[in-house]
Amino acid sequence: MSSTPTIGRGPAGLGDRRRMLRSSREHPAWFLIPALAVLVVFFFVPTAFNFIYAFTDWSSFKSSIGFVGFDNIVALLGNGSLLGDLRITLVYAVLVAIFQNLFGLILALVLERDTRINRIARVAFFVPVVMSALAVGYIFQALLKPTGALNGIIGAVVGHPVSIAWLGSTSWTIVVVALIHAWKWMGLSMLIYLAGLKTISEDVVEAARLDGAGWWSSFRLIRFPLLAPAITFNVATALLGSMNGFDIVQATTQGGPGGTTELLNIFIFRTFGQGLFAQATTMSLSLFLMVAILAFPVIRFLRKREDVL
Amino acid sequence: MKNAWKAATVLAVATALVLTGCSDPGTSGTSSAPAAWPAQNTKLKGTTLTIWAAANSNKTPASVIAGFEKLTGATVKVVTIPDPYEQGVQTKVATGDKPDLAFWQPTGSELTALNASTNLQTLDGAPWLSSYAGNLKDITGLLGGKRYAALVTTPAVEGVYYNKTIFAKDGITSTPKNWDEFIADAKKIKAAGDVPFFEMGGDRWATQWWVQVQLADAAKTGLWDRVNSNKEKFTDPTMLGAIKNYQGLIKDGYFNSDIKTATFIDQGNALLGGKAAMALQVNSFFGELQASSDTATLDKTIGFFPISPSGNVSTFIPDQSNALVAFKTGDAQREAAARQFLAYWLGDGYADFVKAQNTVSLETGVATPSTVPSALKDAAASLGDSVGSMQALAVANPDLYINLADMIQGTKTPEQVAQVTQDQFAQLAKAQGVAGF
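The structure is reproduced here in structure tokens:
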């Protein structure tokens, strides 16, 4: 946008109109078409279909697609699996958000100073972020199985063979897979917390030190509150991102043992695989709604915390 | 300005709709006039056929492809679809992507899942049908009175693979003749301090065999017809009883102690290594044993017997590696070439195929190689008076195995297993438009 000032020539409206005319000549609206078409094809239309197909009987069994109204939604609500899986998804997302942020923050604090070793360590902790999630899942699955490497190491330390099924507990496996998810993404949180720590003015920290604050109290009272924007971003992305979790859990437990780690996306995948495309779409719509309903209050709450700044 | 915006939006949406095409993309198919069967050696220079196969079946057609390419000049490509194979294929077909041929489970429920009448060529009147031995011609591959699949290897059967050494050690001289004898033998083995049964609860999928073989008698008298018309349910005494029976055996300690986490590979190792006496499994289990042992050892240590409540009726369950389907691609020449390929596979190419795969022959004119292990021959021989599994006879294939695995983990009761399975079955049947749902 050019910002040529219109200096007192004629009424103000004339200058505005001329500017508009010029800008529409320089940037005609039809220039938007290519970008808009891509956006519409790959974003708006699939999203719209996500709504439309939820009200049809689309399946692999027949060629026609007919509208069935709210049948799919009624059937899903009557079936306990959907609510059970939504609960598991929520628990998983909360666990991932806690672990990922805790690990990321600790790493950022430990690796805060710009030494050579710290730089190397930061890269090392960032590597899992760029790894394939499925590969991470399969590696952990191999490490954690009863005859896996982890039990081998523990066995060597305690002096007798150990065969703990790390992914075999119906109550704790969800924590283990959430830890794996958090391990993969903690590097990203670390990076954002590092950037957040860098923005804190040296003066403020120094003033706190002169006032006699130790490391802990300067962190608790000064630096942590000033990290609020980084926390907003990290918590929101970790929480809402892991609601869409699939790959790591599919690779490690496939939703087992006993369905205790069956995230909604795994259930959707299974339903889609049965050829019930419309029902799968309805479930993904309910996941979309849950993420949307959760996103607004969470983000508002986190943004409120930033008001101290 | 405003109008330009409006125009841009309308144009973009229009472009998008044209590009995405507002209809079910997996429905284009040509009409189905009775197909002609070209001679096996018709020249096909310049024709390329694509076969979709799973990771465990992509090597199967190698000898047939080599022979066919030499005979006709065609090119045949095998594309491996990653596991889970069936879901991958269904998704691709639903979005309009089709091969010329694909390995596919030739059962009614799985043919329905591919929308056979729209997507598949009918193979009625195929030249190889008269060559099939015994009852193999009409055992599977049919849907709504039409033939859609070509059986190339012997359909899998559910039955008991046992360790001969443990049976001899624990004083069992002949294989059980019915369910009661089967359980009596298990008691004997347990009393001798051995593990009677090995189940792979970690990998889940074999759990359903235990319920299905107990249903063999009921299946003979039309159980699955009643289930298909919603007159009998998984929650009714016959099926719920089988599920409870299975849980009872687990609770009474007849199974391996690591049943919750054990895998398919653990199961093979346990039976070969004598850590367990029996495993209720299908043919692919024996393939797993063959991968780690030779025919002589297997003949010496591993035996097979079918089991059902009142006798030795086996339950057959054809799988994806047993058969192929030919797709309607809309290209008449390639469709004919695909039929010709199948005719060659089950015609002049069959003897080479059986030899290369070291498998049991399905045809009267082709002998089974002498190097095929005896347990496999026994399994194939039991097909004669076998009865269909849930996969073979039910209109839909619910995730019974996942629910049973949940029961092993303790998160579902037998009643819940039956209810969830029935709900899913009804949902699938309704989506197919089956009468009564």
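As they're listed, the protein sequences go chains A and B.
Residue numbers for the first sequence follow our numbering, so the first one is 1 and each next one is one higher.
Residue numbers for the second sequence follow our numbering, so the first one is 1 and each next one is one higher.
Don't be surprised by glycine CBs; every beta carbon is placed ideally from N, CA and C.
Which residue marks the beginning of the beta strand (DSSP E) containing residue i, and which one marks its end?
i	result
B/K77	T75 to T80
B/V195	Unbroken run through B/V195: none, as it is neither H nor E.
A/V205	No beta strand (DSSP E) holds A/V205; the alpha helix (DSSP H) holding it covers E202 to L210.
A/W166	Element bounds for A/W166: n/a, residue is neither H nor E.
B/T50	T48 to A53
A/F44	Counting along the chain, A/F44 falls outside any beta strand (DSSP E), and DSSP gives it neither H nor E.
Residue i: buried (16+ other C-beta within 10 angstroms of its C-beta) or exposed?
i	result
B/A52	With the sequence shown as reference, residue 52 of chain B is identified as Trp, and Ala is not the correct amino acid for it. By the 10 Å Cβ count, B/W52 comes out buried.
B/D399	buried
A/H160	exposed
A/E26	exposed
A/D203	exposed
A/F301	exposed
A/W172	exposed
A/I293	exposed
B/Q333	exposed
A/F224	exposed
B/W128	buried
B/T112	buried
B/A54	buried
B/L142	buried
A/S201	exposed
In the DSSP assignment, what residue or residues form a beta bridge with residue i?
i	result
B/Q281	B/G159
B/K146	B/L143
B/A102	B/W52 and B/V325
A/F67	A/T56
B/Y246	None; B/Y246 has no bridge partner.
B/G388	B/F316
B/L71	B/L71 is not bridged to any residue.
B/F255	B/F197
B/L151	B/A323
B/L120	B/F327
A/Y92	None; A/Y92 has no bridge partner.
B/Y132	B/E363
Taking 7 Å as the CB-CB limit, is residue i close to chain A?
i	result
B/Q432	yes
B/F437	no
B/A94	yes
B/P25	In this prediction, B/P25 has a pLDDT of 48, which is less than 50 and means its spatial position is unreliable; nothing more can be read from the coordinates.
B/D406	yes
B/T80	no
B/Q513	Lying before the first or after the last residue shown, residue 513 of chain B is absent from chain B, which here runs from 1 to 437.
B/K260	yes
B/A102	no
B/T413	no
B/T235	no
B/T107	no
B/Q422	no
B/S32	Bear in mind that a pLDDT of 46 at B/S32, under 50, signals an unreliable position, so the model cannot answer this.
B/Q320	no
B/T112	yes
B/T118	yes
Under 7 Å, Cβ to Cβ, is there at least one residue of chain B near residue i?
i	result
A/S169	no
A/S242	no
A/G84	no
A/F267	no
A/I7	Only weak support is given to the placement of A/I7: the predicted model assigns it a pLDDT of 44, under 50, and the question is left unresolved by the model.
A/P161	no
Please list the terminal residues of the continuous alpha helix (DSSP H) segment that includes residue i.
i	result
A/F267	L264 to G273
A/M243	A228 to M243
A/L194	T173 to T199
A/L143	A133 to L144
B/Y85	Y85 to A94
B/T112	G108 to A113
B/E181	W179 to A191
A/I153	A149 to V158
B/G268	F264 to L272
B/K169	K164 to K169
B/Q214	T207 to Q214
A/I299	F277 to R305
Output, in chain order, the set of chain C residues within a Cβ distance shorter than 7 Å of residue i.
i	result
B/N115	No chain C is part of this structure, whose protein chains are labelled A and B.
Mind listing, in chain order, the continuous alpha helix (DSSP H) runs of no fewer than 4 residues lying wholly within the stretch 297 to 349 of chain B? Counting whole runs of 4 or more residues, the stretch 297 to 349 of chain B contains the alpha helix (DSSP H) stretches 332 to 345.
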